[in-house]
Each structure stands twice: as structure tokens, then as C-alpha cells.
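Remarks on the structure that follows.
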Amino acid sequence: MPLAHFKFMRNACTGAHKAAALWRAKPRRTSCIPALLLCAAGLASTAAVAAPASVPDTIAQRALACAACHGKEGRATSEGFFPRIAGKPAAYLYNQLLNFREGRRQYPMMTYMVGHLSDAYLMELAQYFSDQHLPYPAPQAATVSAATLEQGHILVTSGDAARKIPACISCHGQQLTGAQPAIPSLVGLPRDYLNSQFGAWQSGTRKAAAPDCMAQISRQLRPDEIAAVSAWLASQTVPADMRPAASLPKMPMPCGSAPQRAAMIGTSP
Amino acid sequence: MTRRILWSLLAALIFIPMAIIVTDVVREPDNEPAGVPVTDAAQQIARGSYLARAGNCMACHTVRGGSAYAGGRAIKTPFGDIYSSNITPDAQTGIGTWSANDFWRALHHGKSKDGSFLYPAFPYPDYTKVTRADADALHAYLKTIPPVRQTNREHALRFPYNQRILLAGWRALYFRPGVYQPQAERGAAWNRGAYLVQGLGHCSACHTSRDALGGTAATTDLAGGMIPMLNWYAASLSSDARTGLGEWEVKDIADFLKTGVSRRGAAFGPMAEVVGGSLQHLSTDDIAAMAGYLKSLPATGSATQREPVDTPENAAILKLGAKLYEQHCADCHQANGHGAAAAYPPLAANRSLAADSAVNPIRIVLNGGYSPSTAGNPRPYGMPPFGAVLNDAEVAAVVSFIRTSWGNQGQLVSPIEVARFRGVPVE
Chain U
1 MPLAHFKFMR
11 NACTGAHKAA
21 ALWRAKPRRT
31 SCIPALLLCA
41 AGLASTAAVA
51 APASVPDTIA
61 QRALACAACH
71 GKEGRATSEG
81 FFPRIAGKPA
91 AYLYNQLLNF
101 REGRRQYPMM
111 TYMVGHLSDA
121 YLMELAQYFS
131 DQHLPYPAPQ
141 AATVSAATLE
151 QGHILVTSGD
161 AARKIPACIS
171 CHGQQLTGAQ
181 PAIPSLVGLP
191 RDYLNSQFGA
201 WQSGTRKAAA
211 PDCMAQISRQ
221 LRPDEIAAVS
231 AWLASQTVPA
241 DMRPAASLPK
251 MPMPCGSAPQ
261 RAAMIGTSP
Chain L
1 MTRRILWSLL
11 AALIFIPMAI
21 IVTDVVREPD
31 NEPAGVPVTD
41 AAQQIARGSY
51 LARAGNCMAC
61 HTVRGGSAYA
71 GGRAIKTPFG
81 DIYSSNITPD
91 AQTGIGTWSA
101 NDFWRALHHG
111 KSKDGSFLYP
121 AFPYPDYTKV
131 TRADADALHA
141 YLKTIPPVRQ
151 TNREHALRFP
161 YNQRILLAGW
171 RALYFRPGVY
181 QPQAERGAAW
191 NRGAYLVQGL
201 GHCSACHTSR
211 DALGGTAATT
221 DLAGGMIPML
231 NWYAASLSSD
241 ARTGLGEWEV
251 KDIADFLKTG
261 VSRRGAAFGP
271 MAEVVGGSLQ
281 HLSTDDIAAM
291 AGYLKSLPAT
301 GSATQREPVD
311 TPENAAILKL
321 GAKLYEQHCA
331 DCHQANGHGA
341 AAAYPPLAAN
351 RSLAADSAVN
361 PIRIVLNGGY
371 SPSTAGNPRP
381 YGMPPFGAVL
391 NDAEVAAVVS
401 FIRTSWGNQG
411 QLVSPIEVAR
421 FRGVPVE
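For the protein sequence lines, the chains are U and L, in the order given.
Residue 59 in this note's numbering sits at position 59 of the first sequence, and the numbers go up by one each step.
Residue 89 in this note's numbering sits at position 89 of the second sequence, and the numbers go up by one each step.
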């Protein structure tokens with residue numbers, strides 16, 4: 001796993017460097033700090049200034065620490081492990097930040113990062129990344145057989161009625177772009193990340209608010225089915241409009257995290 | 001001759017240990033002061049709630065995401081893991097049946113309600129300084145929190161450390177019960193600061209180095225130390241200029257404690273938890289008192305200045321470090337190392353860089369991090385992790401560079417030290 005991280009970082013840094021050339025940062029107030037801090041792969045260094053630094057008093061500046069793993073403005077590619085956070089529903093991101101802080105998700109670096117941040121600040125960070133509607137890169141090339149991909153496709157679009165496994169699209173949207181306030185999109189994510197989340201739900205390392213629908217579903221799936229679903233999802237080209245559906249669909253099963261933080265979203269500025 | 005040897009052996013192995021154990025078991029010299037009934041119960045509970053913040057009881061007695069004060073957090077020690085206990089007022093699994101005297105016994109004498117010795121992972125060598133009135137207030141407050149049914153977990157200590165009775169020996173060496181004794185000539189504020197720092201603050205639990213048995217010596221009090229098992233270095237709080245608070249003003253110390261950021265540095269690692277969970281909730285007066293007390297601590301005079309050896313190899317390392325600094329660090333920490341106000345701490349004259357141990361800058365470069373959200377700094381700026389971007393030699397180069405630049409008098413760092421801390425999980 002760590003090697004995958006490092007490889008991702010090296011690829012992502014190169015990718016981000018290219019992305020930076022294509023996608024200029026939003027114009028910022030003139031300051032002594034011109035460039036966003038990307039994953040720091042040789043972005044042009046700035047001239048030294050002796051004057052006191054003025055730091056943009058923005059959430060974007062504060063969230064630069066996240067770019068090291070999640071990519072500039074949260075637009076991580078589908079390579080490697082770290083998921084894209086840009087454009088995800090704000091309540092979903094907020095739930096995950098809380099989950100890391102409270103130990104319901106186990107990833108030491110995330111817990112370390114958010115461990116002493118307040119609820120309100122985590123909500124602000126979540127809202128910031130949720131508002132970033134950025135282009136997606138090309139999907140990962142699938143390395144599995146056509147039959148496996150088809151197996152994944154069937155599970156995603158039809159589920160398995162015999163085992164009462166709903167189709168992924170029944171909650172995550174027909175186009176798998178998620179739904180407000182708290183259901184994430186499933187396309188545009190790294191295959192390794194998807195695999196590891198299924199595994200984490202199976203083992204209980206990842207928990208969501210009860211009733212934990214994803215844990216229930218994950219525990220029904222066989223390893224080959226998980227691999228198929230992850231491979232199929234990761235190989236999909238994302239649709240042109242990646243915005244999540246405006247509201248929750250009719251849920252095929254009760255799910256604690258879906259309505260959980262809806263109230264918070266309604267009150268955020 | 002053999003009879004003398006036999007008696008000596010018996011004394012060493014049996015009589016003396018028995019004397020130590022029996023003495024500690026039966027003796028409770030400070031049975032006074034007795035609890036004094038209070039007239040205003042609500043005020044006592046409010047004070048207890050405040051004191052619980054000062055002592056940061058919730059941090060150890062709560063597992064991440066768990067019920068408050070229900071225990072279960074693993075405190076890692078070199079002797080094994082010690083699990084914090086349930087101090088909610090649950091009658092079966094908590095301290096619901098404990099009287100104020102029982103609570104005093106624990107806080108002041110380090111003994112449980114049944115008289116058994118408590119492991120000093122519960123820092124009673126510091127909490128013993130708390131007054132009876134404050135202990136009663138804490139007890140009154142704890143009785144009001146929601147009771148939680150959660151059985152205490154067995155400690156995972158290696159033999160012989162799991163033999164509780166042997167704590168008598170540890171206590172004989174390292175523990176003297178006694179309430180804080182004010183020094184009238186220093187004034188009320190200084191004494192309040194001393195009481196908080198030495199007592200509920202239990203700062204010496206981290207900021208004093210420990211010996212192989214996990215005990216601390218008064219002579220090295222608050223002079224800094226590696227926190228056992230956590231792999232962070234708790235800085236010296238003495239007045240040493242280079243490695244301690246010598247160059248900090250009282251306002252800088254107060255800002256640091258209350259908000260987590262200051263002109264001199266920001267709270268990170270385990271101190272982020274202390275500021276976020278405890279110190280930010282203390283009153284301005286109490287924080288000022290603690291800052292004033294800490295500023296008054298004498299210099300240890302132990303820091304020796306050593307120049308890094310000027311060799312071609314070192315010059316090459318520092319040249320690489322300078323280049324990496326300009327590429328990755330200067331945007332925030334500035335070319336002159338001054339950082340930026342409350343956002344990015346200064347590296348010039350940063351005493352974290354002057355400590356003998358390079359663990360703090362190494363782990364910060366590898367892992368980045370955020371200062372805690374506090375009332376005074378609610379939306380902290382973050383530092384990204386560079387562990388995946390820089391290899392061991394590069395981290396060593398940039399840390400060597402910052403430790404030797406801008407008048408910082410630290411030493412160079414080797415890639416082996418970096419490798420050692422790369423694998424340590426962040427908590």
C-alpha cells in the first residue's frame with residue numbers, strides 16, 4: 001500500500017504539474033505568495049521576498065495541505081489510492097471528516113490531520129471542496145477481462161435481487177454521480193481506493209452511521225465481485241455533468257448516513 | 001560469613017521490599033485535609049468542570065469516538081499498554097460508588113478505592129498537588145456526567161510490570177504525596193501558575209525526561225524530554241535561550257497556550273491535543289499565570305553551542321537542503337524563515353529546531369499537520385505532508401538546512417534518522 005501511495009504521488013505530481021499549466025489558479029489577491037502549493041513537484045519557485053508575508057485569508061489557502069494527497073483543489077486522479085474530493089456532496093465530505101476524527105474510519109494520516117479541528121471548520125473545508133467543479137481526467141485503463149467488467153457492470157446496474165443487494169445506481173444515481181446531501185459519486189475514483197473501502201466495510205474498519213447500509217452490502221459481496229465492481233467503476237468515463245442529483249432518491253434500504261447531516265447542510269451559509 | 005550473606009540476601013529480597021510495600025500500603029500521611037462541605041453546589045460543579053478541562057481528564061479517559069470519560073484509551077508505555085478507566089458515575093463499571101474521600105485517595109495518593117496502587121500513567125505524581133477543595137469539585141462534577149456502562153479493559157503490561165504490588169518500589173523512588181505549597185513572596189499570580197502547571201496541568205509528564213523505570217527527577221523538571229512511545233520531543237520549558245523559552249515573551253507563551261499559535265511557534269503533535277482539548281478553555285488570567293510561571297523557570301545552562309562541521313559532504317547536503325527549501329517551503333515559511341503571523345510558524349530562532357533530537361522537524365516535514373481549532377485560532381492553516389514527495393536523503397537535507405540557517409544552532413540530520421521516523425504511525 002505505501003508503495004502505491006508513493007507511485008501515485010510521483011505520477012500525480014507530474015500530472016498536477018501538467019494540470020497546473022492547463023488550469024490556471026483562480027485569480028487571487030496580489031500577495032507575496034503567488035503560486036498554490038501543489039504536491040510540490042518542482043513547480044516554479046518564487047523569488048525570495050523580505051517584506052512581511054501576506055497570506056490570503058481564504059479557505060482555499062487553508063486547505064492547501066490537503067492537495068498533497070488529494071490533488072490540487074481536491075481533484076485527485078484515478079491513479080493510486082487517494083480519492084478525489086472535489087465536487088463531492090458537502091455533507092458526505094463532512095461526514096467523512098468527522099468519521100476520521102472520531103475513529104469510524106481508520107486512516108492514521110487523515111485522523112492526524114483533522115484530529116483537532118472543530119466541527120464548524122470541518123464543515124467549511126467540506127463545503128469548499130464540494131464547491132470545486134473541476135474537469136475529470138481520463139479513467140484508468142481496465143486490466144481485467146471483459147467478463148469481469150461485465151460482472152461488475154451487472155452488479156452496479158442491477159444488483160442481485162436474490163441476495164437483496166440493491167444496484168449501486170439505486171442510491172448513487174443513474175449516472176453514478178451521487179446525490180445531495182450525502183451520497184458520493186462512484187465514478188472518477190481510483191480502483192485501489194474503491195477496493196479498500198469495500199474491504200474496510202467488510203471488516204468493520206470503516207463504519208458509517210447506523211444502519212450502515214454499505215457495510216451490509218459489502219458483507220454480501222464476494223472478493224471477485226468487489227474486484228469486478230471496482231474495476232468497472234474505475235474504468236468508466238465520467239459523464240459531462242458530474243453534479244450530484246439535487247435530492248435523495250427513494251432509498252431501497254435504510255441508510256444512516258444519508259439523511260444524517262442533511263440538517264447541517266441546510267444551515268450552512 | 002555465610003550467615004551474613006544469607007541475612008543480606010534475605011534483607012535485599014524479602015525484608016526491605018516487604019517494608020517498602022507494607023509502609024506504602026498502610027500509610028496515608030496526608031489524610032487531612034478532610035473534605036469541606038460547600039454551600040453552593042452548582043458553583044462547585046461548575047468549578048469542577050473547569051478543573052477537568054485544566055487537567056484534560058477527558059483526553060485520556062475517552063477513546064476516540066467513544067463516550068466521554070468512559071475510559072478505554074490505550075496509553076502506550078515502554079512497559080506495555082495501560083487502558084484508561086471509566087470515571088463516569090456508573091455504579092458497576094465506573095466510579096459511581098466512590099465518595100469524595102475515595103476520589104481524593106486516587107488523585108492525591110495514587111490509590112484506588114480498594115487501596116491498590118494505581119499505575120502512574122495516571123499522573124498522580126503531578127495531581128497530588130491539587131488541593132482537597134479542587135479535588136472535591138472535580139469529584140462533584142464527575143458525578144454529574146452521564147453514566148456509561150463500560151467495563152474497564154485489562155492492562156496489557158509485560159511481566160513483572162503487571163504485578164501491581166511492585167509499584168510500591170516505584171512509588172518509594174519517585175512519588176511523594178503533597179499538596180502544592182504556595183511561596184507567598186512570589187505573588188498570587190505566580191503561585192496560581194505554578195499550581196496549575198505543576199498540578200492539573202501535569203506538564204512534567206511529557207516535558208521532563210524519564211529514566212528506564214519511567215520516573216522523573218526534580219532536577220530535570222520541565223527541561224524537555226522524548227515522550228516515551230509517542231516519538232515526539234516535548235520541548236524544554238526552561239529559560240534556556242536556544243532550546244527553551246528564554247527568547248519567548250510572556251505574551252508569546254500565553255498566546256501559544258490559549259490559541260495554539262504565537263509569534264514564536266505553533267502547537268503540533270501531542271501539544272495540539274493539549275491546547276485544543278484543555279488549555280484553550282482556561283481563563284485568560286489562568287493562562288497568563290501559567291505563562292508567567294513558565295517564564296520564571298530558571299535556565300538549566302546545559303545547552304552547549306556546537307557548530308556543524310564544515311566538510312564538503314555537509315556543504316553538499318546543505319546546498320540540496322537550500323534548494324529544496326526554496327522549492328517546497330519558502331512559499332509559506334518565507335526565504336528568511338520568518339513565516340507569516342499566525343498562519344505559518346517561523347523557522348528562524350524556532351527552538352524545536354535547536355533541540356538535540358531532530359524528531360520534531362523530521363516528523364513535521366514527513367506528515368505536515370494542522371494546529372488545533374481554538375477560539376483564538378478557529379480556522380488554522382495547514383501544512384501538507386512531504387513524506388511521499390521527498391525521500392529520506394531529501395528530508396534530511398531540508399531539515400539539516402533549516403536547523404542550521406538564520407542563526408539556528410542545530411545539527412545536521414542523517415537519512416537514517418529520517419527512515420527511523422518514517423514508519424512511525426502518526427497518532
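All residues carry an ideal CB built from backbone N, CA and C; glycine is no exception.
Which class does residue 360 of chain L belong to by DSSP, given the choice of helix, strand or coil?
What you label residue 360 of chain L is simply residue 360 of the second sequence in a count that begins at 1. Residue state, collapsed to three classes: helix.
Just to make sure I have the definition right: I need the residues of chain U whose C-beta is within less than 7 Å of the C-beta of residue 263 of chain L. Which are they?
Looking up residue 263 of chain L in the second sequence gives position 263. Under the 7 Å cutoff, chain U gives no residues; its nearest Cβ is about 12 Å from residue 263 of chain L.
Host beta strand (DSSP E) of residue 80 of chain L (start-end):
Here residue 80 of chain L refers to the residue found at position 80 of the second sequence. Residues 80-83.
Per-residue contacts from residue 231 of chain U into chain L (C-beta, under 9 Å):
For this step, residue 231 of chain U is matched to residue 231 along the first sequence. Going along chain L, no residue has its Cβ under 9 Å from residue 231 of chain U, so there is no contact; the nearest lies around 25 Å.
Does DSSP put residue 3 of chain L in a helix, in a strand, or in coil?
Position 3 of the second sequence, counting from 1, holds the residue named residue 3 of chain L. Correct three-state label for residue 3 of chain L: helix.
Cβ-based neighbour list, residue 381 of chain L, same chain, cut-off 7 Å, excluding 5 preceding and 5 following
Looking up residue 381 of chain L in the second sequence gives position 381. Correct list, in chain order: 343 and 344.
Does chain U have any CB closer than 7 Å to the CB of residue 424 of chain L?
What you label residue 424 of chain L is simply residue 424 of the second sequence in a count that begins at 1. Residue 424 of chain L does not count as touching chain U.
Compare the beta carbon distance of residue 169 of chain U and residue 177 of chain U with 7 Å and say whether it is the shorter of the two.
Translated into the one-based positions of the first sequence, residue 169 of chain U becomes position 169. Translated into the one-based positions of the first sequence, residue 177 of chain U becomes position 177. No, Cβ-Cβ distance for residue 169 of chain U and residue 177 of chain U is not below 7 Å.
What do you reckon, are the CB atoms on residue 85 of chain L and residue 152 of chain L nearer than 7 Å?
Locating residue 85 of chain L in the second sequence gives position 85, where the first residue counts as 1. Locating residue 152 of chain L in the second sequence gives position 152, where the first residue counts as 1. Yes, the Cβ-Cβ distance between residue 85 of chain L and residue 152 of chain L is below 7 Å.
Could you give the DSSP three-state label for residue 117 of chain L: helix, strand or coil?
Here residue 117 of chain L refers to the residue found at position 117 when the second sequence is read from its first residue. Three-state DSSP puts residue 117 of chain L in a strand.
If you compare alpha carbons, which of L:51, L:261, L:227 and L:164 is closest to residue 339 of chain L?
Taking the second sequence and counting its residues from 1, one reaches residue 339 of chain L at position 339. Per the Cα distances, L:261.
At a Cβ cut of 9 Å, what residues of the stretch 42-71 of chain L count as close to chain U, listed as they run along the chain?
Correct list: 63, 64, 65 and 66.
Kindly indicate if chain L contains any beta-carbon less than 7 Å away from that of residue 55 of chain U.
The residue you call residue 55 of chain U lines up with position 55 of the first sequence. By this cut-off, residue 55 of chain U is an interface position.
Quick check on residue 16 of chain L: buried or exposed, where buried means 16 or more other Cβ atoms within 10 Å of its Cβ?
The count along the second sequence starts at 1 and reaches residue 16 of chain L at position 16. That one is exposed.
As assigned by DSSP and simplified to three states, the class of residue 77 of chain L:
Here the question's residue 77 of chain L lines up with position 77 in the second sequence. It is a strand residue.
So residue 377 of chain L contacts chain U; which residues on that side make the cut at Cβ distance below 7 Å?
In the second sequence, residue 377 of chain L corresponds to position 377, counting from 1. Result: empty, since nearest Cβ-Cβ is about 10 Å, beyond 7 Å.
I need the straight-line Cα distance from residue 46 of chain L to residue 145 of chain L, nearest angstrom please.
Against the second sequence, residue 46 of chain L aligns to sequence position 46. Against the second sequence, residue 145 of chain L aligns to sequence position 145. Each residue's alpha carbon lies about 12 Å from the other.
Would you say residue 271 of chain L lies against chain U (beta-carbon separation less than 7 Å)?
Within the second sequence, the letter at position 271 stands for residue 271 of chain L. Not one chain U Cβ lies under 7 Å of residue 271 of chain L.
Which residue or residues does DSSP assign as beta-bridge partners of residue 377 of chain L?
Residue mapping note: residue 377 of chain L aligns to position 377 of the second sequence, counting from 1. Answer is L:374.
Please go through the stretch 304-344 of chain L and give each complete alpha helix (DSSP H) segment of 4 or more residues, from N-terminal end onward.
312-324 and 330-333
Return the residue from the list L:162, L:100, L:420 and L:399 that minimises the CA-CA distance to residue 139 of chain L.
As a position in the second sequence, residue 139 of chain L is number 139, starting the count at 1. Among L:162, L:100, L:420 and L:399, the Cα nearest to that of residue 139 of chain L is on L:100.
Closest Cβ-Cβ distance between residue 92 of chain U and chain L: below 7 Å?
Here residue 92 of chain U corresponds to residue number 92 of the first sequence, with the count starting at 1. With 7 Å as the cut-off, residue 92 of chain U does not count as an interface residue toward chain L.
With a threshold of 7 Å between beta carbons, is residue 372 of chain L in contact with chain U?
Position 372 of the second sequence holds residue 372 of chain L. With 7 Å as the cut-off, residue 372 of chain L counts as an interface residue toward chain U.
Chain-ordered neighbours of residue 121 of chain U on chain L, where CB pairs are closer than 7 Å
What you label residue 121 of chain U is simply residue 121 of the first sequence in a count that begins at 1. Those are 373, 378 and 379, listed as they occur along chain L.
Interface positions of the stretch 203-216 of chain U facing chain L (Cβ-Cβ less than 7 Å), listed along the chain:
The residues in question: there are none.
Thinking residue 223 of chain U and residue 166 of chain U are a contact (beta carbons under 8 Å), I'd like their distance in whole angstroms, please.
As a first step, residue 223 of chain U must be located in the first sequence, where it is residue number 223. As a first step, residue 166 of chain U must be located in the first sequence, where it is residue number 166. Going by Cβ atoms, the distance from residue 223 of chain U to residue 166 of chain U rounds to 20 Å, so no, they are not a contact pair.
Chain L within 7 Å of residue 133 of chain U, Cβ atoms only
What you label residue 133 of chain U is simply residue 133 of the first sequence in a count that begins at 1. Chain L contact via Cβ: absent.
For residue 399 of chain L, three-class secondary structure by DSSP
Numbered from its first residue, the second sequence carries residue 399 of chain L at position 399. Three-state DSSP puts residue 399 of chain L in a helix.
Going by alpha carbons, who is nearest to residue 127 of chain L out of L:57, L:329 and L:414?
Within the second sequence, the letter at position 127 stands for residue 127 of chain L. Here the closest residue by C-alpha is L:57.
Option nearest residue 373 of chain L by Cα separation, candidates U:183, U:120, U:93 and U:94
Within the second sequence, numbered from 1, the residue matching residue 373 of chain L stands at position 373. Nearest C-alpha to residue 373 of chain L: U:120.
Whose C-alpha, out of L:347, L:425, L:394 and L:22, is nearest the C-alpha of residue 413 of chain L?
Residue mapping note: residue 413 of chain L aligns to position 413 of the second sequence, counting from 1. Among L:347, L:425, L:394 and L:22, the Cα nearest to that of residue 413 of chain L is on L:394.
Grouping DSSP H, G and I as helix and E and B as strand, with all else coil, what is residue 157 of chain L?
Mapped onto the second sequence, residue 157 of chain L falls at position 157. If DSSP states are grouped into helix, strand and coil, residue 157 of chain L belongs with the strands.
Need the endpoints of the alpha helix (DSSP H) that residue 151 of chain U sits in, please.
Counting from one through the first sequence, the residue named residue 151 of chain U turns up at place 151. Note, residue 151 of chain U: alpha helix (DSSP H), 146-158.
To the nearest angstrom, how far is it from the Cα of residue 361 of chain L to the Cα of residue 225 of chain U?
The residue labelled residue 361 of chain L in the question sits at position 361 within the second sequence. The residue labelled residue 225 of chain U in the question sits at position 225 within the first sequence. Cα to Cα, the separation comes out at about 45 Å.
Where residue 40 of chain L and residue 134 of chain U are concerned, what is the direct C-alpha to C-alpha distance, given to the nearest angstrom?
The residue labelled residue 40 of chain L in the question sits at position 40 within the second sequence. The residue labelled residue 134 of chain U in the question sits at position 134 within the first sequence. When rounded, the distance between both Cα atoms is 60 Å.
Under a Cβ-count criterion, where at least 16 other Cβ atoms within 10 Å of its own Cβ denotes burial, should residue 147 of chain L be classed as buried or exposed?
Taking the first residue of the second sequence as position 1, residue 147 of chain L is located at position 147. Note on residue 147 of chain L: 16 or more other CB atoms within 10 angstroms of its CB, so buried under the neighbour-count rule.
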